[in-house]
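J.: In our numbering, the protein residues as written are 1202 to 1375.
Cβ coordinates follow ideal geometry from the N, Cα and C atoms, glycine included.
Below you will find the structure I want to go over with you.
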Amino acid sequence: MKKKQRSSLIVFVIFVCLIVFSWIFKFTPGVSIGDNFVEFAKGMIQVLPCAFILIGLFEVWVPQKVVEQNFGHSSGIKGYIWAILLASTTVGGAYVAFPVAYSLYKKGAKFGTILTYVGSAALVRIPMTLFEASFLGIKFTLIRLLTSVPLIVISSALLGKYLEKKKVVFPEQI
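The following block contains the structure:
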C-alpha cells in the first residue's frame, strides 16, 4: 500500500473511532459530526453513481473532435457560451463539475473554457437559479447572473491564457 493511501486510511480509521467513541459516551459534538457525515455520505451515494455513468458515457460517445471544435482553442467565444450552457445543466456541484472538467481537458478543451465551466457550475445551475429567483426575486437573480457570468468568462480567459503560457498540464493520474 502506498504511503499516501496508508495515511488516508489511518485518518479515516481515527475519524470512525472518534465517532464511535462519541456515540458510546454521548459526546454531543462528535455525535453531530457523525450524523452530518452520514447525511453527507447518503447525498453523495445518491448523486455520484449516476453522475459517473454519465461522465463515462460522455467519454465514450462524444468524439474528441467535437470537444476540440466547441471547447478548444479555435472555438473562440462560442466555447465559453457552450461551457456556461453545459454548466447550467450540471447536477451535483463540484463532485460532478471537476470530473467533467478533467474529461473536457483530456478531449482537448482549452483552459479558459474549462475554468468557465467550473466557475459557471457553481453559479448558473438551472435548479439553483430557479430556487434563488423564487426566494430572492427575478430582479436579484438577473443582476447576479449579469454581473457574475461576464466576470467568470473574463477571469477564466485571462487565467487560461496565463496557464497555457506557462505550459501547465494536468497530471495523468489524479
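1) Pull up the distance between the alpha-carbon of Lys1227 and that of Ser1233, whole angstroms please.
2) Check whether the segment 1303-1311 touches the segment 1335-1353, counting contact only when three or more Cβ pairs, one atom from each stretch, lie closer than 8 angstroms.
3) Should Thr1291 and Ala1242 be called a contact, given that it needs their Cβ atoms to be closer than 8 angstroms?
4) May I ask which residues mark the beginning and end of the alpha helix (DSSP H) holding Arg1345?
5) Compute the distance between the beta-carbons of Ile1220 and Gly1244, then report whether it is under 8 angstroms.
6) Got a sec? Which residues, its chain only, sit under 8 angstroms from Pro1328 by beta carbon, not counting five neighbours each side?
7) At the level of alpha carbons, what is the spacing between Val1325 and Ser1289?
8) Distance, Cα to Cα, Ser1335 vs Ile1285?
9) Are the beta-carbon atoms belonging to Ala1302 and Tyr1281 less than 8 angstroms from one another?
10) DSSP on Pro1230, reduced to helix/strand/coil?
T.: By the coordinates alone:
1) Start at 1 with the first residue of the sequence shown, and residue 1227 comes out as number 26. Start at 1 with the first residue of the sequence shown, and residue 1233 comes out as number 32. When rounded, the distance between both Cα atoms is 10 angstroms.
2) no
3) As a working note, residue 1291 is residue 90 in the sequence shown. As a working note, residue 1242 is residue 41 in the sequence shown. Cβ atoms of Thr1291 and Ala1242: not closer than 8 angstroms.
4) Here residue 1345 refers to the residue found at position 144 when the sequence shown is read from its first residue. Arg1345 -> alpha helix (DSSP H) spans Ile1339 to Lys1366.
5) Indexing the sequence shown from 1 puts residue 1220 at position 19. Indexing the sequence shown from 1 puts residue 1244 at position 43. Not in contact: Ile1220 and Gly1244 (Cβ atoms no closer than 8 angstroms).
6) The residue given as residue 1328 occupies position 127 in the sequence shown. Cβ neighbours of Pro1328 beyond the five flanking positions: Val1292.
7) Taking the first residue of the sequence shown as position 1, residue 1325 is located at position 124. Taking the first residue of the sequence shown as position 1, residue 1289 is located at position 88. C-alpha separation (whole angstroms): 5 angstroms.
8) Counting from one through the sequence shown, the residue named residue 1335 turns up at place 134. Counting from one through the sequence shown, the residue named residue 1285 turns up at place 84. Cα-Cα distance, rounded: 22 angstroms.
9) Against the sequence shown, residue 1302 aligns to sequence position 101. Against the sequence shown, residue 1281 aligns to sequence position 80. Their beta carbons are not under 8 angstroms apart, which means Ala1302 does not touch Tyr1281 by this criterion.
10) What you label residue 1230 is simply residue 29 of the sequence shown in a count that begins at 1. Pro1230 falls in the helix class under three-state DSSP.
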